[in-house]
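Beneath this line is the structure, given in structure tokens, with notes to follow.
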Amino acid sequence: MKTLSSTKKWIMIATSTGLGLICVAAGCASNSDATRTSGAASTQSTLASASDTTTRGGAELWADTCSRCHNIRPPEYYSDAQWATIVHHMRIRANLTGAEAREITKFLQASN
Amino acid sequence: MRSGKILVGFGAVVLASAAVSARAADAEGPPTREEYNQLKQDSAELRQEVLELKKELQEERAARAQMPAAASQPIASAPAAAGEAKPGGNDFATHEDTDAIEEEIKAIKSDLDLNHNGVSNFHIAGDGEVGFTAMKGSKSTFDAAIAPLILWQPQPRILIEAAADIGISTDDQNNSSTSFDLTLANINFLVNDYMNIGGGLFVVPFGVYHRHFDPPWINKFPDDPLPFADGGIAPGEEVGAFIDGVVPFRNSKFTYDVYVTNGPNLITNDSEAAGQLNFDDFTDLNNNKAVGGRIGFLPFPNIEMGYSAMGAQVNSDHFNSTYAVLQAVDLNVRQDVDWLKGAIDFRTEWVFSHVDRATYDPDGSQGFGPINFNNDRNGGYVQLCYRPRKFDEKLIRNLEFVRRYDRLASSHSAPGGDTEDRLTLGVDYWITPSVVLKTAYEFDQKKVGENQNAFLVQVGFGL
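Pasting the structure below:
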């Protein structure tokens, strides 16, 4: 493939964008399913303790928020103090709410 | 402890006597001979036990009186209080015991000090890379760079960030050079759960590439997409002040970033680059400040889209008034797909740059003018990556197949103007979550310059 013709270029853009849109659609569908599932799960979790709920919330936020941009680093990578500083940095960089940052920090510090 | 035994002995005698008295009182007649003899025997055994206990107590008191005064001080109560009787029968700690306890306390205190959170937190992170490039028309070369990131949290609401890019590379003329660029030096203050303000040298939230995907352990390709690479059309870092934050809305959220900075500078005296914007010079050439921002929307946690804009006067005092308006749109999706047994990562950004028409080298004194051209440029990238992370085999699970199309177009009448398209195909291997070996081949097409197909290898790592 020495040169890229104009047609090929637009085919590449179209296929990449199309696959991306499929991913978006799949993501929306998957998240809708996840929402329904989480509704049932939340009913079951009413007997769980408050701390369990907190930990699960932090774990989900950690997985969802961090993996959007990069591989997630295991909680044991850093100490409690290091996680506090790192999450503060990522809160600013990734536009997290204070509540999200606190939940993620709590989870990481409880799991390292 | 021995005193306790004596008390127990006396207690037993008293209870036995009480039991006999009670039995005698309850019984209708006098005790039988057998009962009398049994009680007499019990009484004799108890008396003997009491005598033995008394004798042991006297011996202990004598031994205690012979010990040095220091050894019988209150420290003796430590092991006794813990219920740890010494095997030798002596309950009192010696100097060796106290020394051992003191050493143990010191060790624990030392461990606590090492792990103490303190009032301020300090952490060194960052990233680095070692790469190899074989590009058509250039000599193949290795390069290396490291970018330490210092994070200091003097108190919970404040974060100070500092970072530098330290690199070594060889240019087209085969000249090696080392670079040291300060890339971050800012202070942030968390106003509340939804707002952060700060100032200093910071990564401009123009698009998301520089802010999110730039580090070598996050970027899935060995190089940057054209609009965000050196000579690109998107700003990287700027000096100024900023406000950013987030607004939750039901299950989704909006993000916002607003900033005021010195802004980019218009290049006016370089025959190869006149009309381009210099994003690496933080000196402001005029009193007009660049203003910009980005609005993002996350309908779900794995999908983010945004619009960015920046406006600035970019000319120096000795050049005609020239304004630039930069805009960008971005979309980022990451999705696990069960039937693919893996995860799909889709990222795209497109940048539109407008700089007012101007005449460069109007009197021809610099040897390349006068020239006047349409100074609109645009470029972007579309990338799609697949990682089969749900396969059982570790070798396959850690692979990632990557594909990117990127483009940068400018007026061909502009100095250095060209239209460049690239298609990059590659395979990555994730050694750890933050160490990746990347290989890629780039098919390059330029309308003006020479095509520069390239084979690239890079190890990227996060610290």
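Chains as they are written, first to last, in this note's numbering: chain A, 1 to 112; chain B, 1 to 463. Each residue gets a CB set at the ideal place from its N, CA and C atoms; glycine is no exception. Predicted model only: the values in this text are computed from it and were never measured.
Alpha-carbon spacing of A:H70 relative to B:N219, whole angstroms | Position 70 of the first sequence, counted from the start, is the residue given in the question as residue 70 of chain A. Position 219 of the second sequence, counted from the start, is the residue given in the question as residue 219 of chain B. Inter-residue distance for A:H70 and B:N219 is about 9 Å (C-alpha atoms, whole angstroms).
Could you tell me the distance, in whole angstroms, from the CA atom of B:T178 to the CA atom of A:E100?
-> Numbered from its first residue, the second sequence carries residue 178 of chain B at position 178. Numbered from its first residue, the first sequence carries residue 100 of chain A at position 100. Taking the straight line joining both Cα atoms gives about 41 Å.
With a cut-off of 8 Å on the beta carbons, I'd call B:G311 and B:V291 a contact; round off their distance for me.
-> Position 311 of the second sequence, counting from 1, holds the residue named residue 311 of chain B. Position 291 of the second sequence, counting from 1, holds the residue named residue 291 of chain B. About 6 Å; that satisfies the 8 Å criterion.
Please classify B:E49: does DSSP put it in a helix, a strand, or coil?
-> The residue given as residue 49 of chain B occupies position 49 in the second sequence. Residue state, collapsed to three classes: helix.
Tell me whether A:L61 is buried or exposed, calling it buried when 16 or more other Cβ atoms sit within 10 Å of its Cβ.
-> Within the first sequence, numbered from 1, the residue matching residue 61 of chain A stands at position 61. Under this definition A:L61 is a buried residue.
So A:A67 is in the alpha helix (DSSP H); what residue range does that whole segment cover?
-> Start at 1 with the first residue of the first sequence, and residue 67 of chain A comes out as number 67. Per the sequence shown, residue 67 of chain A should be read as Ser rather than Ala. In the DSSP assignment, A:S67 falls within the unbroken alpha helix (DSSP H) covering 50-67.
State yes or no: is the beta carbon of B:Q153 nearer than 8 Å to at least one beta carbon in chain A?
-> The residue given as residue 153 of chain B occupies position 153 in the second sequence. Output row for B:Q153: interface = yes.
In chain order, what residues of the same chain have a beta carbon less than 8 Å from the beta carbon of B:D357, not counting five sequence neighbours either side?
-> Mapped onto the second sequence, residue 357 of chain B falls at position 357. The question names Asp, yet the displayed sequence has Arg at residue 357 of chain B. Here the set comprises N372, F373, N374, N375.
Pick out the complete alpha helix (DSSP H) segments inside the segment 92-138 of chain B, 4 residues or longer, and give them in chain order.
-> Runs found: 95-115.
Spatial neighbours of B:N278 in its chain, beta-carbon cut-off 8 Å, leaving aside the 5 residues before and after | Residue numbering aside, residue 278 of chain B sits at position 278 when the second sequence is read from its first letter. Once the five neighbours on either side are set aside, the close Cβ partners of B:N278 are P264, N265, L266, I267.
B:P299 versus B:R407, B:S353, B:S252, residue with shortest Cα-Cα distance | Here residue 299 of chain B refers to the residue found at position 299 when the second sequence is read from its first residue. The option with the nearest alpha carbon to B:P299 is B:S252.
Mind listing the chain A neighbours of B:W430? Cutoff is C-beta to C-beta under 9 Å, in chain order.
-> Residue mapping note: residue 430 of chain B aligns to position 430 of the second sequence, counting from 1. Near B:W430 (Cβ distances below 9 Å), the residues of chain A are N71.
What are the start and end residues of each continuous beta strand (DSSP E) run of 3 or more residues lying completely inside the segment 342-408 of chain B, in chain order?
-> Counting only runs of 3 or more, we get 342-355, 375-387.
Would you say the segment 382-391 of chain B touches the segment 336-346 of chain B, given that touching needs at least three Cβ pairs under 8 Å?
-> With the cut-off at 8 Å, the segment 382-391 of chain B and the segment 336-346 of chain B touch.
Going by Cα to Cα distance, which pick from B:D336, B:A164, B:V260, B:R47 is closest to B:N287?
-> Within the second sequence, numbered from 1, the residue matching residue 287 of chain B stands at position 287. Closest option to B:N287, Cα to Cα, is B:V260.
Are the C-beta atoms of B:R64 and some chain A residue less than 8 Å apart?
-> Your numbering for residue 64 of chain B matches position 64 in the second sequence. Interface with chain A (8 Å Cβ-Cβ cutoff): B:R64 is excluded.
Specify, as a first and last residue, the run of the beta strand (DSSP E) that B:S177 falls within.
-> What you label residue 177 of chain B is simply residue 177 of the second sequence in a count that begins at 1. Per DSSP, B:S177 belongs to the beta strand (DSSP E) from 176-192.
Is the Cβ-Cβ distance between B:F461 and B:D127 less than 8 Å?
-> Mapped onto the second sequence, residue 461 of chain B falls at position 461. Mapped onto the second sequence, residue 127 of chain B falls at position 127. For B:F461 and B:D127, yes; Cβs fall inside 8 Å.
Give the interface partners of B:S434 over in chain A, defined as CB-CB distance under 9 Å, in chain order.
-> Residue 434 of chain B sits at position 434 when you count from the first residue of the second sequence. Within chain A, the residues placing a beta-carbon under 9 Å from that of B:S434 are H70, N71, R73, Y77, ordered along the chain.
Shorter than 8 Å from the beta carbon of B:N188 to some beta carbon of chain A?
-> Residue 188 of chain B sits at position 188 when you count from the first residue of the second sequence. Residue contact with chain A for B:N188: present (Cβ-Cβ distance below 8 Å to some residue of chain A).
Thinking C-alpha only, which one of B:G296, B:G245, B:V329, B:Y429 is nearest B:V191?
-> Translated into positions along the second sequence, residue 191 of chain B becomes position 191. Closest option to B:V191, Cα to Cα, is B:G245.
List, in order along the chain, the chain B residues whose C-beta lies closer than 8 Å to that of A:T105?
-> In the first sequence, residue 105 of chain A corresponds to position 105, counting from 1. Chain B residues near A:T105: none, gap ~11 Å exceeds 8 Å.
Does A:Q109 have its Cβ less than 8 Å from a Cβ in chain B?
-> If you number the first sequence from 1, residue 109 of chain A lands on position 109. No - not a single Cβ of chain B is within 8 Å of the one on A:Q109.
What are the boundary residues of the beta strand (DSSP E) that includes A:V87?
-> Against the first sequence, residue 87 of chain A aligns to sequence position 87. Looking at the DSSP string, A:V87 is not in any beta strand (DSSP E); the run it does join, the alpha helix (DSSP H), is 80-93.
Any idea if A:F107 is buried or exposed, counting beta-carbon neighbours within 10 angstroms, 16 or more meaning buried?
-> Translated into the one-based positions of the first sequence, residue 107 of chain A becomes position 107. When all chains shown are included, A:F107 counts as buried.
Selection from B:A454, B:Q452, B:Y381 that minimises the alpha carbon distance to B:A207 | What you label residue 207 of chain B is simply residue 207 of the second sequence in a count that begins at 1. At residue 207 of chain B the sequence reads Gly, which differs from the Ala that was named. It is B:Y381 whose Cα lies nearest to the Cα of B:G207.
Going along chain B, which residues have a C-beta under 8 Å from A:G98?
-> Numbered from its first residue, the first sequence carries residue 98 of chain A at position 98. The contacting residues are L190, N192, D193, Y194.
Three-state class that DSSP yields for B:D336 in the structure shown | As a working mapping, residue 336 of chain B is identified with position 336 in the second sequence. Secondary structure of B:D336 (DSSP, three-state): strand.
Could you run through the segment 273-301 of chain B and flag, in chain order, every residue whose CB is less than 8 Å away from some CB of chain A?
-> Answer set for the segment 273-301 of chain B: G296, P299, F300, P301.
Three-way DSSP call (helix, strand, coil) for B:Q313 in this model = Position 313 of the second sequence, counted from the start, is the residue given in the question as residue 313 of chain B. Assignment of B:Q313 by DSSP, reduced to helix, strand and coil, places it in the strand class.
Contact set for B:E238: own chain, Cβ-Cβ below 6 Å, skip 5 residues either direction | Here the question's residue 238 of chain B lines up with position 238 in the second sequence. Within the same chain, B:E238 has close Cβ partners V204, T261.
Which whole-angstrom value describes the C-beta separation of B:Q383 and B:R347, a residue pair presumed to lie in contact below a C-beta threshold of 8 Å?
-> Against the second sequence, residue 383 of chain B aligns to sequence position 383. Against the second sequence, residue 347 of chain B aligns to sequence position 347. By a beta-carbon distance limit of 8 Å, B:Q383 contacts B:R347. Their separation comes to about 5 Å.
Beta-ladder partner(s) of B:Q458, from DSSP | The residue given as residue 458 of chain B occupies position 458 in the second sequence. Beta bridge pairing from DSSP links B:Q458 with B:G131, B:K438.
A:T105 lies in the alpha helix (DSSP H); which residues open and close that run?
-> Locating residue 105 of chain A in the first sequence gives position 105, counting from the first residue. Its alpha helix (DSSP H) spans residues 98-111.
Report the partner residues of B:T424 according to the DSSP bridge assignment.
-> Here residue 424 of chain B refers to the residue found at position 424 of the second sequence. B:T424 pairs with B:R404, B:E442.
So with Cβ pairs under 8 Å, would you call B:N332 a contact of chain A?
-> Here residue 332 of chain B refers to the residue found at position 332 when the second sequence is read from its first residue. The beta-carbon of B:N332 is placed less than 8 Å from the nearest beta-carbon of chain A.
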